[in-house]
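Beneath this line is the structure, given in structure tokens, with notes to follow.
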Amino acid sequence: MRKEFGGIVALDALSFTLEKGTITGLIGPNGAGKTTAFNVLTGFCRPDEGSAHFNGTGITDLPPFKIARLGIGRTFQNIRIFPQITVLENLMLAPRGQKGENILPALFRPQQVETDEKRAGEEASRHLETVGLVDKKDELAENLSHGQRKLLELARALATGSQLLLLDEPTAGVFPETRNKILDLLQALRKAGKTILFIEHDMNVVTRISDTVIVLNYGRKIAEGPPEKIKSNKEVVEAYLGRSNATT
Amino acid sequence: MEYLLHILVICGIYSILTLSLNLVVGYTGLASLGHAAFFCVGAYISALLSLNFGLSPWIGLLLGACGAAAAGAVISVPSLRLKGDYLALATFGAGVIVYQIAKNWVSLTRGPMGLPGIPSFSIFGFALDSTWSYLILVAVLTGVTVFVLQRLVGGAYGRVLRSIRDDEIASEALGKHTDKYKLQVFVVGAFFAGIAGSLYAHYITFIDPSSFTVMESITILLMVIFGGMGSIKGSLVGATLLVIFPEMLRFLGMPSSIAAPMRQMIYGLLLVVLMIRRPKGVLGKYGFR
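Protein chains in written order, with this note's numbering: chain Z, -6 to 241; chain R, 8 to 296.
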């Protein structure tokens, strides 16, 4: 894929494949194009050249909501929860295909909507238990701490039942305790057959859970492989630390 | 007594307007500043159908509401691409356009001369021209509006609306077709504003463009904000209080020539005070962000 913004090349012939049931880390210095890659993959941004496919379906020209419905879930770098609704309601928005979300059933099938709501509420509570937020379920999301918001956003992405999860810095700015909780969660997801691509700056985190690591710099992929190989890759070290610091 | 009934009828009509705008602004977070346009379309279609074609006001009510809904669909288009202030200006502009059409398409609307002699509603041959009977009609339709709105906003549908309000991008990322919802709330909101328009036309029996100015849109918005965004009870309270409050000026011995502009000044002052002290309004749950 290629993406330019004005004169700046955000993505330059970037190409990669994700295998089902793996965790891939996407790393690179600030401005390397990681979030742009996410935006292209989730339909918030259209590439100038190239295409993306998910399970054989072309997704390059689809709007974000259609891509989400195909089974791709996402979290955002600066956390996007719904602040003025409750934690539980944040979760209840996740499941796909809720009939009550359409105008005709809302108007003409209130009993069915109510039954679905009850079930959705129970399921949402279960997801909240998984991340340890269930006792906050009636709080407005804006009252949560940063770490709790991260957990909420993650739980919400999980609750969508997405096959592929694109997580933008899932452990940024959280306590070590919360970080471990999140990492355990991700590993459990991999075991369940989900595929994860996550952006991360903390090399320890990346090394700990990634099967593969992709390194971007100036919009280009400069390395790809298992974490150990990446750490000792000269070009990667240079990209992060600068040429004069590179060790041979 | 007659006077009190009259005030209640006006409260009812404005309640419907406030409820319908609350759906768009309060629950979905769309800055719609031209709601009077739908009020206007409903009123004029209903009036013209009964005056020019002798159709029953009930048909005028239905077709007026549908016409307003169509206008809502058209005006919703900018909302799909514009945000916040830009959308506010676009809807404001739409309100101005509709007002100007009403004022200048003289061959159709008689412009500033207005449409006099609009017939009242009647049921089974009995004309509803006593204030009492009209109040019952308005109360029933207000009840219908509340009922429909509650169905929409009370469950999963309303939750999606609120998610669009809070963070449209996140809502899309969860698979919600946000454009569809924005179109729907504009259409539903406009439909009920059209109903209010028809009720107004057949009650006052005379309409002219001056009832449907930009100031009117602002007044309805004020009622939404004052009563509380995202609260059905709030809309009823807001509309009622803001209709009644200026009427009380009469009892302070103010001559009506001063009372009218005084009313607008009070509204303006109220808006400023609200924004500073209590942006959530009387019963509101959501503030601006």
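Glycine included, C-beta positions come from ideal geometry on N, C-alpha and C.
- Give the residues of chain R in contact with VAL106 of chain Z, contact being defined as C-beta atoms less than 7 Å apart. What VAL106 of chain Z touches in chain R: GLY162, ALA163.
- Item | Member of R:SER263, R:SER238, R:ILE227 whose CA lies at the smallest distance from the CA of GLY41 of chain R | Residue R:ILE227 is the option with its Cα nearest to GLY41 of chain R.
- Query: Going along chain Z, which residues have a C-beta under 8 Å from SER170 of chain R?
  - Reply: Result: PHE75, ILE78, LEU86.
- Counted within 10 angstroms of its Cβ, other Cβ atoms place GLY(-1) of chain Z as buried (16 or more) or exposed: GLY(-1) of chain Z counts as exposed, since fewer than 16 other C-beta atoms from the protein chains shown sit within 10 angstroms of its C-beta.
- Taking any Cβ of chain Z, which residues in the region 178 to 190 of chain R have a Cβ under 8 Å from it, in chain order? SER178, GLU179, ALA180, LEU181, GLY182, LYS183, HIS184, THR185: these are the residues of the region 178 to 190 of chain R whose beta carbon lies less than 8 Å from some beta carbon of chain Z, given in chain order.
- Query: Under 7 Å Cβ-Cβ, which residues of chain R neighbour GLY93 of chain Z?
  - Reply: Ordered by position in chain R, the residues that pass the 7 Å Cβ test against GLY93 of chain Z are GLY162, ALA163, TYR164.
- Query: Hey, quick one: how far does the alpha helix (DSSP H) through ALA78 of chain R stretch, first residue to last?
  - Reply: That run of the alpha helix (DSSP H) goes 64 to 83.
- Message: Let me check one thing: in DSSP terms, what residues is VAL208 of chain Z bridge-paired to?
- Response: Bridge partners of VAL208 of chain Z: Z:ILE20, Z:ALA216.
- Query: Applying a beta-carbon distance threshold of less than 7 Å, which residues of chain Z neighbour ARG158 of chain R?
  - Reply: Scanning chain Z for C-beta atoms nearer than 7 Å to the C-beta of ARG158 of chain R yields ALA99, LEU100, PRO103, reported in chain order.
- Does PHE58 of chain Z have its Cβ less than 7 Å from a Cβ in chain R? Answer yes: the Cβ-Cβ gap between PHE58 of chain Z and chain R drops below 7 Å somewhere.
- Query: Candidates R:ALA180, R:VAL160, R:ARG169, R:ILE171: which alpha carbon is nearest LEU147 of chain Z's?
  - Reply: Measuring C-alpha to C-alpha distances from LEU147 of chain Z to each of R:ALA180, R:VAL160, R:ARG169, R:ILE171 identifies R:ALA180 as the nearest.
- Message: Can you list, in chain order, the residues of its chain with a C-beta nearer than 7 Å to that of TRP139 of chain R? Leave out the 5 residues immediately preceding and following it.
- Response: The residues are LEU12.
- Would you check if the region 120 to 130 of chain Z and the region 93 to 103 of chain Z touch, i.e. whether three or more CB-CB distances between them fall below 8 Å? Segment contact: the region 93 to 103 of chain Z against the region 120 to 130 of chain Z, fewer than three CB-CB distances shorter than 8 Å; contact not assigned.
- Message: Comparing C-alpha positions only, which one of R:LEU115, R:ILE20, R:SER86 sits nearest to ASN59 of chain R?
- Response: Nearest option by C-alpha distance: R:LEU115.
- Proximity winner among Z:GLU82, Z:LEU160, Z:GLY218, relative to ASP204 of chain Z (alpha-carbon distances): Out of Z:GLU82, Z:LEU160, Z:GLY218, Z:GLY218 has the C-alpha closest to the C-alpha of ASP204 of chain Z.
- Collapsed DSSP secondary structure at GLU42 of chain Z in the structure displayed: For GLU42 of chain Z, the three-state secondary structure derived from DSSP is strand.
- May I ask you to report which of helix, strand or coil DSSP gives LEU144 of chain Z? Three-state DSSP puts LEU144 of chain Z in a helix.
- Within chain R, the residues that GLU132 of chain Z reaches when beta carbons sit closer than 8 Å: The premise fails here: GLU132 of chain Z is roughly 14 Å from chain R at the closest Cβ pair, so nothing lies under 8 Å.
- Message: Could you tell me the alpha carbon to alpha carbon distance between MET282 of chain R and LEU276 of chain R, rounded to whole angstroms?
- Response: Near 10 Å, if we compare the C-alpha coordinates of LEU276 of chain R and MET282 of chain R.
- Report yes or no: is there a C-beta of chain R within less than 7 Å of the C-beta of GLU82 of chain Z? Chain R has a Cβ within less than 7 Å of the Cβ of GLU82 of chain Z.
- Taking just the CA atoms, how far does GLY114 of chain Z sit from PRO64 of chain R? If you take the alpha carbons of PRO64 of chain R and GLY114 of chain Z, they lie about 45 Å apart.
- Pull up the distance between the alpha-carbon of ALA239 of chain Z and that of VAL2 of chain Z, whole angstroms please. With a pLDDT of 46 at ALA239 of chain Z, under the threshold of 50, the predicted position of this residue should be treated as unreliable, though the coordinate-derived value follows. Note on geometry: alpha-carbon atoms of ALA239 of chain Z and VAL2 of chain Z lie some 25 Å from one another.
- Task: Using a cut-off of 8 Å between C-beta atoms, extract the partners of ASP215 of chain R located in chain Z.
- Result: None at all; the shortest Cβ gap to chain Z is about 35 Å.
- Item | Beta-carbon gap between PHE9 of chain Z and ILE175 of chain Z smaller than 7 Å | No, these two residues do not count as a Cβ contact at 7 Å.
- Could you tell me which residues DSSP puts in a beta bridge with THR185 of chain R? THR185 of chain R pairs with nothing; no bridge assigned.
- Query: Which residue or residues does DSSP assign as beta-bridge partners of ASP173 of chain R?
  - Reply: Residue pairing of ASP173 of chain R in beta bridges, as defined by DSSP: absent, with no partner found.
- Does DSSP classify GLU(-3) of chain Z as helix, strand or coil? Assignment of GLU(-3) of chain Z by DSSP, reduced to helix, strand and coil, places it in the strand class.
- Can you find a CB in chain Z that lies within less than 7 Å of the CB of VAL167 of chain R? Against chain Z, the CB of VAL167 of chain R has a partner CB under 7 Å away; the residue lies at that interface.
- Query: Are ILE74 of chain Z and ALA25 of chain Z close, meaning C-beta to C-beta below 7 Å?
  - Reply: No; because the gap between Cβ atoms is not below 7 Å, this pair is not in contact.
- Task: Determine the extent of the alpha helix (DSSP H) in which PHE154 of chain R is found, giving its start and end residues.
- Result: First-last of the alpha helix (DSSP H) with PHE154 of chain R: 138 to 161.
- Message: I'd like the list of long-range same chain contacts for ILE232 of chain R, defined as Cβ closer than 7 Å, with 5 residues on each side in sequence excluded.
- Response: Excluding residues within five positions, the ones whose Cβ falls inside 7 Å are LEU281, GLY288.
- Message: What ranges does the alpha helix (DSSP H) occupy inside the region 31 to 80 of chain Z, keeping only unbroken runs of at least 4 residues that lie completely in it?
- Response: List check, alpha helix (DSSP H) in window: 57 to 63.
- Query: What does a CB cutoff of less than 6 Å around SER27 of chain R pick up in its chain, not counting 5 residues either side in sequence?
  - Reply: In chain order, GLY196, PHE199, ALA200 place their CB closer than 6 Å to the CB of SER27 of chain R, counting only its own chain and leaving out the 5 sequence neighbours on each side.
- With 16 as the cutoff for other CB atoms within 10 Å, does HIS46 of chain Z come out buried or exposed? HIS46 of chain Z is exposed by the Cβ-count criterion.
- Task: Identify which residue in R:LEU96, R:LEU62, R:ALA44 has its Cα closest to the Cα of ALA77 of chain R.
- Result: Cα-wise, what sits closest to ALA77 of chain R is R:ALA44.
- Query: Does the beta carbon of ASP174 of chain R sit closer than 7 Å to a beta carbon anywhere in chain Z?
  - Reply: With 7 Å as the cut-off, ASP174 of chain R counts as an interface residue toward chain Z.
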